[in-house]
Amino acid sequence: MDHNDLEEQALLRIYIGENDRHGHLPLYEALVELFRSEGFHGATVLRGVAGFGAHHTYHSDRLLRLSSELPMVLEVVDSKERLEAVLPRAEEMMDGGMITLERVLVRRYPRSSRS
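If you want it as structure tokens, here you go:
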């Protein structure tokens, strides 16, 4: 594919809290490992600086609290079919949070061959 071509894919976003856990691991780490073990090309975890969830409790990195729980967002881009196939396993790992799935257009940029 020419790097100027657009390809339709799906973007999966999983919204969780920083302190959410799956077994002995932080949930975001367990989810990244799930997508890695399933052969996805990549997953990115983003830490939010502020937000609130279903309970409307405001969390911010500006408040000096030992129990702060910042929002975390995990993003994965792949085909809709591959993402939907792994979703039940991801949902089993979660105890709260939110998942969104949307169509996206992807333009890939190959790594340059600079020496």
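Each residue of the sequence shown is one higher than the one before, counting from 190 in my numbering. Glycine included, every Cβ here is placed at the ideal spot set by N, Cα and C.
The ligand ZN heavy atom lying under 8 Å from the CB of residue i
i: F224; result: Among the ligands in the structure shown, none appear at all, so the ligand ZN cannot be discussed.
Element boundaries [beta strand (DSSP E), containing residue i]
i: A199; result: 195 to 206
i: M287; result: 287 to 296
i: V234; result: 233 to 236
Residue i vs residue j beta-carbon contact at 9 Å
i: R292; j: K269; result: yes
i: L290; j: L201; result: yes
i: P215; j: E207; result: yes
Local conformation of residue i per DSSP, three classes
i: R278; result: helix
i: L259; result: coil
i: R300; result: coil
i: M190; result: A caution first: M190 carries a pLDDT of 49, below 50, which makes its placement in the model unreliable, though a value can still be read off. Coil at M190, not helix or strand.
Residue i to residue j span [Cα, whole Å]
i: I203; j: Y217; result: 9 Å
i: A279; j: Q198; result: 19 Å
i: T233; j: V262; result: 8 Å
i: G231; j: L259; result: 23 Å
i: I205; j: F241; result: 10 Å
i: M287; j: E222; result: 19 Å
i: V266; j: E196; result: 11 Å
i: A239; j: P277; result: 28 Å
i: E281; j: A274; result: 13 Å
i: G237; j: D194; result: 32 Å
i: R210; j: R296; result: 34 Å
Endpoints, alpha helix (DSSP H) assigned at residue i
i: R225; result: 216 to 226
Opposing strand residues paired with residue i [DSSP bridges]
i: E264; result: R202, T233
i: R210; result: P215
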